[in-house]
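In my numbering, the protein residues as written are -3 to 442.
This report concerns only the one structure given below.
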Ligand code: TRP
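So this is what it looks like as C-alpha cells:
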C-alpha cells in the first residue's frame, strides 16, 4: 500500500482550486431544485433561512472536510486511516460508495443535457410552441438505448477529464467552464427579466411569506444546503488533499459556499420571470427543466438559442460536479490500492456507467425495488442515508475526536488565526450533528 503523499498532485493556483470546488458544488441541484423549493417555501424568507444554514452548518462542515483532507493529504478513506485509524475509515468508505451511487444516476440525467442541447435545434421548439415539450420528454426518456448512449457520452467526457489529472484535467476545465457558466447565467437572466410580465415570476420566487417557513421548510433548506455544497461524502476531503499548506482554508470554504449560493439564487431569476411571463405553471426537477422551460423558450424570440444556452449551462454545471464524484473514487483506488490514475479513471468510470444503466432503464417505470424506481433508490440511499451519516461523523471527528490537530490545520499552525474558531468548533460539536441527525431520521421514510 503506497501512502500516496509523495509527489502528490496539487492545484496550480488558489483560483483553480476555488473553481474546482465551486464546480463540484454548483450542479443540477442548484438549477433545478433550489429555485423551485424557494418559490414554494416562502420566497425571500426561505432564502434567508437557507443562507443562514449554509453560512453556519454548511461552511463549518466544508471547512472540516478541507482540514481533514489537507492534513492527511490522502483520499477520504486514507485520510481517516492516517489521522485516527480504528473504525474511522468506514466514514471514508461510505463516501466512496456514495460516489459510485450518486454518479451512476447523475450521469444518466446529465446525459439528457447533451441530448437537449441538440434537440434545441431539432424539433424541441416546434413541439414547445404547441405546448407539447412533455411528449418529447416522455418519448426521449423511455427510449433506453438513446438515454444510455447520451449517458455513456457524458461519462466518457467525465472520465477523460479525471484521467487528465488534477491540474491538467479537473482544474483546467473547471477554470473554463465555471466562468462560462456565470456568463451564460447572466445572459439568461437579462433575457428573462426583460420579458413583459416578468414581475409576476419575481413575485412568486421572492415575495417574502414568513407563514410558509414551517419545520418542513427548514428541513428542506437543510437537505438542499447539504447536497448543494457537496458535503458528507469526502468530496471536499479529496479536493482538500491537493491543497498547499499555505492556503487559508476558512476563507476558501466561505468563498465556495458564496459562489454556490449565488448560482442557486440567480438561477431563479433566469427561470421564473420567463415561466410566468408566458403564464405557465412552474414545477420542480426534471419536469421544470425538460418540460416547462422548453415550452417557455419556444414562445420567446430567439428561443432556440436561449434553449441551447440553458442546456449548455446545465451541462457545465453537471460536468464540473461529476468529475468531483469520480475523483473521490479514483483517489481512493490510487492512494490505497496503488492503481494508476489512468487505470482507476477508466475502470471505475466504466463500472459506474454500467451501474447507471439500470437507472436509465428504470425511467420507463418498470424497474423497481420495493415500489421505488431504481434511479430513486440510488438517489434515496445516497442522499438520505450515506451523506447525512457521513456529515455527522465528519463534524464529530473535527469537533471532538481530532480537535487539537483540526485547530492547527485550520489556522496553518497558528499563522492564520480566524475569529470565529469557537463558533466553528461548537457547530461541529453540537449544532451540525443534531441538525444533520434530524435530516437523517426524517429522511429514512421510504
Ligand atoms: N453539489 C452537486 C449539485 O448540486 C452534486 C454533487 C457533486 C454532490 N458532488 C457531490 C452532492 C458530493 C453530494 C456530495 O448538483
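The beta-carbon is built from N, C-alpha and C at its ideal position, and this holds for glycine as well.
Less than 9 Å between the C-beta atoms of residue i and residue j, yes or no?
i, j, result
"residue 36", "residue 208", "yes"
"residue 59", "residue 245", "yes"
"residue 445", "residue 3", "In the structure displayed, the chain extends from -3 to 442; residue 445 sits before or after that span and is not available."
"residue 288", "residue 123", "no"
"residue 205", "residue 39", "yes"
"residue 359", "residue 98", "no"
"residue 22", "residue 158", "no"
"residue 299", "residue 174", "no"
"residue 217", "residue 32", "no"
"residue 219", "residue 54", "no"
"residue 480", "residue 43", "Outside the displayed range of the chain (-3 to 442) lies residue 480, so it cannot be described from this structure."
"residue 379", "residue 223", "yes"
"residue 370", "residue 84", "no"
"residue 74", "residue 88", "yes"
"residue 57", "residue 230", "no"
"residue 228", "residue 432", "yes"
"residue 253", "residue 239", "no"
"residue 133", "residue 278", "no"
"residue 311", "residue 109", "yes"
"residue 12", "residue 168", "yes"
"residue 317", "residue 19", "yes"
"residue 292", "residue 270", "yes"
"residue 96", "residue 347", "yes"
"residue 442", "residue 424", "no"
"residue 352", "residue 94", "no"
"residue 50", "residue 257", "yes"
"residue 251", "residue 65", "no"
"residue 163", "residue 342", "no"
"residue 166", "residue 16", "yes"
"residue 26", "residue 280", "no"
Do residue i and ligand 1 come close, with the Cβ less than 8 Å from some heavy atom?
i, result
"residue 98", "yes"
"residue 223", "yes"
"residue 355", "no"
"residue 328", "no"
"residue 258", "no"
"residue 231", "yes"
"residue 46", "no"
"residue 32", "no"
"residue 418", "no"
"residue 56", "no"
"residue 226", "yes"
"residue 313", "yes"
"residue 22", "yes"
"residue 345", "no"
"residue 102", "yes"
"residue 26", "yes"
"residue 321", "yes"
"residue 116", "no"
"residue 460", "Here the chain has residues from -3 to 442 only, and residue 460 is not among them."
"residue 237", "no"
"residue 317", "yes"
"residue 431", "no"
"residue 391", "no"
"residue 249", "no"
"residue 216", "no"
"residue 266", "no"
"residue 17", "no"
"residue 40", "no"
"residue 94", "yes"
Which partner residues does residue i have in the DSSP bridge list?
i, result
"residue 368", "365"
Along the chain, where does the alpha helix (DSSP H) that runs through residue i open and close?
i, result
"residue 269", "245 to 273"
"residue 61", "55 to 68"
"residue 208", "Careful: residue 208 lies outside any alpha helix (DSSP H) and carries neither H nor E."
"residue 424", "Taken as a continuous stretch (DSSP letters only), residue 424 belongs to no alpha helix (DSSP H), as it is neither H nor E."
"residue 291", "289 to 295"
"residue 185", "168 to 189"
"residue 233", "231 to 236"
"residue 145", "140 to 160"
"residue 86", "85 to 115"
"residue 227", "Residue 227 -> no alpha helix (DSSP H), and no H or E assigned at all."
"residue 76", "72 to 79"
"residue 286", "From DSSP, residue 286 is part of no alpha helix (DSSP H); its letter is neither H nor E."
"residue 134", "129 to 137"
"residue 445", "Residue 445 falls outside the range modelled here, since the chain spans only -3 to 442, and no answer is possible."
Verify the CB distance criterion: does residue i have a CB-CB separation below 9 Å to chain D?
i, result
"residue 46", "Of the chains in the structure shown, none is chain D; there is only one protein chain."
- Query: What are the uninterrupted segments assigned as beta strand (DSSP E) that are 3 or more residues long and contained completely in the segment 8 to 49, given in chain order?
  - Reply: none
- Message: Which complete alpha helix (DSSP H) runs does the segment 322 to 403 hold, if anything under 4 residues is left out?
- Response: 337 to 357, 370 to 375 and 383 to 392
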